[in-house]
Amino acid sequence: MEKFKTLDEVLLPDPRQEVFQVFDTEFHDFRRKELSDIHSALSEINLDDNVPQKVRDHFTTSKHLSLYSWFVYRFIPVAEFHAIASLEFALKEKTGKPKWGLKRLLSHAVNSHWVEDNDFEIHRRSKEKNRYRAEMWAEVGHSPDYQEPESKEGEYTSILVESMPYIRNEYAHGSSTIAPQGFLTLTICADFINAVYRK
């Protein structure tokens with residue numbers, strides 16, 4: 002149950018944040034997550050200088066919302082929603098089509114080859130992990146029963162064209178969903194915006 006914080010509680014971490022742990026590379030062990038961990042992760046998510054300043058300012062608000070989820074856990078979906086709104090804003094600016102909806106804008110960006118699967122860090126990491134796994138199995142001379150299917154170019158971006166409007170609408174029309182991987186949505190949106198403005 003959500004309760005409005007008292008004045009004395011405003012700067013206290015949301016108890017739900019204290020459940021999570023991170024691996025500390027310095028001490029080679031897990032420890033409780035801290036505000037600095039969130040700040041550090043968000044500091045890595047940036048828009049390029051060639052993205053219009055008003056879009057960068059809009060996206061920075063998403064980062065602040067995510068940062069302050071340390072104090073209010075339910076800011077995570079608000080940050081995700083705002084990041085997707087930043088993506089929509091960026092696409093409207095790029096296309097000059099302020100009345101187009103999000104799905105149409107995303108489709109246009111993909112069809113115009115402004116964005117490709119390898120523009121996304123999560124997609125590149127997934128491909129690398131699959132390649133590494135296949136090499137490890139090959140080294141030991143074993144072929145696993147199940148192998149990851151080869152992804153086709155455009156498969157990841159086509160998933161985003163469908164999923165981003167769905168997530169945005171889920172939050173826009175009211176939802177109790179809270180996904181602790183909110184950073185992922187911000188990363189995907191930043192990668193998408195950066196790719197679009199590099200073309």
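Following this note's numbering, the numbering of the sequence shown begins with 2 at its first residue and continues without gaps. Quick reminder that beta carbons are idealized off the backbone N, C-alpha and C, glycines included.
Nearest to residue 196 by alpha-carbon distance, out of 123, 159, 172, 110, is 110. The C-alpha of residue 173 lies about 10 Å from the C-alpha of residue 83. Within a 10 Å sphere around the beta-carbon of residue 160 sit fewer than 16 other beta-carbons, which makes this residue exposed. Residue state for residue 75 is assigned as coil, using DSSP reduced to three classes. Nearest to residue 179 by alpha-carbon distance, out of 47, 70, 19, is 70. When only Cα atoms are considered, residue 106 and residue 8 end up about 43 Å apart. A direct Cα-Cα distance of roughly 42 Å separates residue 198 from residue 2. Every unbroken stretch of the alpha helix (DSSP H) spanning 4 or more residues and falling wholly within the stretch 33-112 is given here in chain order: 36-44, 54-68, 76-96, 103-112.
In the DSSP assignment, residue 24 falls within the beta strand (DSSP E) that extends over 22-25. In this structure, residue 94 places its C-beta atom within 8 Å of the C-beta atom of residue 53. The beta carbon of residue 36 sits closer than 6 Å to the beta carbons of 71 from its chain, once the five residues preceding and following it are set aside; these are given in chain order.
The beta carbons of residue 32 and residue 18 sit about 13 Å from each other, so the pair does not count as a contact at 8 Å. Scanning its chain for C-beta atoms nearer than 8 Å, with the 5 sequence neighbours on each side dropped, one finds around residue 57 the residues 48, in chain order.
Apart from the 5 residues on each side of it in sequence, residue 96 sits with its Cβ closer than 7 Å to the Cβ of 106, 109 in its chain, given in chain order. Here the alpha carbons of residue 185 and residue 68 stand approximately 14 Å from one another.
Ranked by Cα distance from residue 193, the first of 165, 4, 176, 183 is 165.
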